[in-house]
Amino acid sequence: MTAALPAFQEKRDRMVIDQLLDRGISDPAVLRAMAAVPRHLFVPSKERSHAYEDRPLSIGFDQTISQPYIVALMCEALKIAPGMKVLEVGTGSGYQAAILDRLGVRVFSIERIPALAEGARDRLKRLKTASVRIREGDGAAGWPEEAPFDRIVVAAAAKRRPALLWKQLADGGRMVLPVAVERSGAPENPAVPAAQNLMLIERQGKEEKSWELCKCLFVPLVTADD
Ligand code: SAH
206 MTAALPAFQE
216 KRDRMVIDQL
226 LDRGISDPAV
236 LRAMAAVPRH
246 LFVPSKERSH
256 AYEDRPLSIG
266 FDQTISQPYI
276 VALMCEALKI
286 APGMKVLEVG
296 TGSGYQAAIL
306 DRLGVRVFSI
316 ERIPALAEGA
326 RDRLKRLKTA
336 SVRIREGDGA
346 AGWPEEAPFD
356 RIVVAAAAKR
366 RPALLWKQLA
376 DGGRMVLPVA
386 VERSGAPENP
396 AVPAAQNLML
406 IERQGKEEKS
416 WELCKCLFVP
426 LVTADD
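Per the numbering used here, residue 206 is the first one in the sequence shown, and the count goes up by one each step.
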């Protein structure tokens, strides 16, 4: 284990240079967090040697840990500052929660699959990320007892923006989320994944500003809200 550590650090440093810096991620705190969090401990052992590759990986239950670039892009777009309160929908492996913890925020993360929530809890405890709280349930309903949140990050693609999350976003707050692109005309071909946009939304009172960050491909948000 100890002998393998420098190799993983080297892969992580490479990942930061080739996948993040070279593609324009420039927030020093985000780059530091991505260089520090041991991503290989968030994937199943058979995927460990692939942990620093430029793609999402399977974490079981038909779910994935997001591609490193997408995690960094979401964190950078949110403009996170230490001390903020952040809601994450879709804990998955707990990797993005660990990155957020490194950015010095309080993380409230919701996962609908109990076994994933349990695994993430164990991992984050071992890594001493004390600021992350995880609960099981439908994240589209948010975490009303802890609202408002300064930032909200959604790691699964909704058909439309969940209304309850908007209500729990603080004034001046920012949210990133993948949203499925409406397809008109052509019949659905299940072999072709539906296109999604990664959206950044900023709340100014009752007004919103929104930007499309890039095209993306997340697992679906499974919610009673549909
Ligand atoms: N942030 C994660 C990525 C997880 S993938 C990571 O770093 O590993 C998206 C996760 O969202 C999956 O684990 C999936 O089970 C979960 N999910 C899907 N719909 C959900 C919902 N309505 N509420 C909470 N979690 C949901």
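Each residue gets a CB set at the ideal place from its N, CA and C atoms; glycine is no exception. Note that the structure is a prediction, hence the values are computed from the model and not measured.
Inset, instruction - May I have the straight-line CA-CA distance separating K290 from K411, to the nearest angstrom? - result: 20 Å
Legend entry - Coarse secondary structure for V291, derived from DSSP in three states: strand
Inset, instruction - Report yes if the C-beta distance between R260 and Q272 is below 9 Å; otherwise report no. - result: yes
Inset, instruction - Would you mind reading off the limits of the alpha helix (DSSP H) that contains V221? - result: No alpha helix (DSSP H) contains V221, which DSSP labels as neither H nor E.
Inset, instruction - Please name the residue in P233, R408, F247 and L292 whose C-alpha comes closest to that of R338. - result: L292
Legend entry - Nearest neighbour of G265, chosen from V358, L321 and R365 [CA to CA]: L321
Inset, instruction - For R432, verify whether its CB is less than 8 Å away from any heavy atom of the ligand SAH. - result: A question about residue 432 goes unanswered here, because the residues of the chain that appear run from 206 up to 431.
Legend entry - Cβ-based burial, G324 [other Cβ within 10 Å; buried from 16]: buried
Legend entry - Assigned exposure category for V386 - 16 Cβ within 10 Å defines buried: With fewer than 16 other Cβ atoms within 10 Å, it is exposed.
Inset, instruction - Output the boundary residues of the alpha helix (DSSP H) element that contains P367. - result: It is not in any alpha helix (DSSP H) - P367 carries neither H nor E in the DSSP assignment.
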